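These notes concern the structure reproduced below.
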Amino acid sequence: MSSLRGEHAVVTGAGRGIGSAIARALASQGAKVSLLGRTRDSLDKLAAELNTSTTTCVAVADVTDGSAVQAAFARVREQFGPVTILVNNAGQARSAPLLSGDDSLWDEMLAVNLGGVYRCIRCALPDMVQAGRGRIVNIASVAGLTGYAYVTAYCAAKHGVIGLTRSLAMELARKNITVNAVCPGYSDTDMVRDAVANIQAKTGRDEAAARAALTSHNPQGRLITPEEVAQTVLWLCGASAGSITGQSIAVAGGEVM
Ligand code: NAP
């Protein structure tokens with residue numbers, strides 16, 4: 020129960036969904052966990068829950084805002100010291116056919132899903148280099164490994180996250196810092212609830228049919244749970260995963276191979 024004792028983990032987008040599950044998993048192993056996100060209420064609620072078993076702090080920042088991200092990292096570093104684990108989880112998935120979406124959809128998907136990862140790594144990496152160890156885990160998606168209709172910008176951003184992961188892993192290979200991506204399939208969070216509502220609105224299908232359209236992508240015929248994603252992240256953050264770097268690990272019931 021204490022394999023991550025002494026580590027300081029920052030989880031972005033920690034207020035709900037997969038990010039909350041990751042924060043809980045890291046805290047369960049004794050890491051100090053900093054919860055970074057946009058919405059203070061949900062972060063405070065999770066911090067109150069986790070503070071019964073571990074030490075947690077909250078920093079509010081939008082990952083598209085470089086100076087807010089820098090201020091958030093300064094705040095958590097002041098509280099818990101150098102960052103040794105970074106989980107880039109904050110993300111958004113807006114959909115539209117390429118010609119219907121405006122430039123702002125493209126800009127926003129790249130800024131949150133790819134730019135946010137870059138900005139947080141720039142803030143955390145100097146601590147890891149100085150400490151001589153570190154773990155960076157980027158929550159990409161199966162949309163980083165294959166294409167899906169109507170989410171061109173999201174797919175492009177997530178493919179970018181995988182390229183960033185591979186390249187940075189090579190750059191840091193001799194520094195005892197690993198960089199990996201975890202690629203969930205459709206998971207049981209608000210993001211999928213929004214996608215189901217969107218399919219219903221666009222196609223007139225009922226909720227069960229709209230949800231089935233998404234679960235049919237997974238050979239196991241179900242949604243992934245946030246906890247399944249979190250357990251893979253936890254493994255990558257542990258000492259036993261020291262030789263795993265530059266990888267993109269699908270947690271998707273066999274959807275991509
Ligand atoms: P979610 O339930 O919608 O939660 C997204 C989280 O990201 C929220 O905490 C949200 O904060 C935060 N966030 C969004 N934009 C942000 C920004 N600009 N700055 C800071 N925080 C921001 O989504 P999820 O399903 O847990 O997704 C987590 C990650 O998994 C994302 O990177 C997503 O692309 C990836 N993923 C999800 C699925 C899926 O099917 N659910 C599949 C593959 C990959 P607020 O609460 O303030 O909005």
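For the sequence shown, the working numbering assigns the number 20 to the initial residue and increments by one for each residue that follows. Quick reminder that beta carbons are idealized off the backbone N, C-alpha and C, glycines included. Bear in mind the structure is a predicted one, so any value in this text is a computation, not a measurement.
- Secondary structure note for Ile243: it is in no alpha helix (DSSP H), with a DSSP letter that is neither H nor E.
- Note that the C-beta distance between Val52 and Ala33 is below 9 Å.
- Of the candidates Lys194, Ser160, Lys177, the residue whose Cα lies closest to the Cα of Trp125 is Lys177.
- Cβ neighbours of Leu242 within its own chain (closer than 7 Å, five residues either side excluded): Tyr205, Ser206, Asp207, Val211, Thr234.
- Put simply, of Ala42, Tyr167, Gly134 the residue whose alpha carbon is nearest the alpha carbon of Glu274 is Tyr167.
- In the displayed model, Asn195 falls within coil according to three-state DSSP, outside both helix and strand.
- Of the heavy atoms belonging to the ligand NAP, at least one sits nearer than 8 Å to the Cβ of Pro245.
- CA-CA distance, Asn157 to Leu69, rounds to 22 Å.
- Within the same chain, Cβ atoms closer than 7 Å to the Cβ of Thr184 are found at Asn157, Val198, Asn199, Ala200, Gly265, Ser267, the five residues on either side in sequence being excluded.
- Taking Lys194 as reference, the option from Gly182, Leu62, Ile155, Ala90 with the minimal CA-CA separation is Ile155.
- Residue environment analysis places Glu26 among the buried positions, since at least 16 neighbouring C-beta atoms fall within 10 angstroms of its C-beta.
- The DSSP-derived three-state label of Leu69 is helix.
- Membership of Arg154 in the beta strand (DSSP E) is indicated by the continuous run 153 to 158.
- Two segments are said to touch when three or more pairs of C-beta atoms, one from each, lie closer than 8 Å; by this definition the stretch 48 to 68 touches the stretch 76 to 95.
- A straight line joining the alpha-carbon of Ala175 with that of Ser259 spans about 32 Å.
- With distances taken between CA atoms, Arg230 lies nearest to Ile218 out of Gly223, Ile218, Gln239, Pro238.
- In this structure Ala40 touches Glu246 by the C-beta definition: roughly 5 Å separates them, less than 8 Å.
- In this structure, Gln111 has its beta carbon less than 8 Å from a heavy atom of the ligand NAP.
- Cβ neighbours of Thr171 within its own chain (closer than 6 Å, five residues either side excluded): Leu117.
- Within the stretch 160 to 223, the complete beta strand (DSSP E) segments at least 3 residues long are 196 to 203, listed from N- to C-terminus.
- Taking C-beta separations shorter than 6 Å and ignoring five residues to either side along the sequence, the partners of Gln111 in its chain run Val131, following chain order.
- Under the criterion of beta carbons closer than 8 Å, Gly261 and Gln239 do not qualify as touching, at roughly 30 Å.
- Shown here, Thr251 sits in a helix according to DSSP, grouped into three states.
- With respect to Val180, Gly163 sits close: the two C-beta atoms are nearer than 9 Å.
- Excluding the 5 residues flanking it on each side, Tyr169 has same chain C-beta neighbours closer than 8 Å at Ser114, Ala115, Pro116, in chain order.
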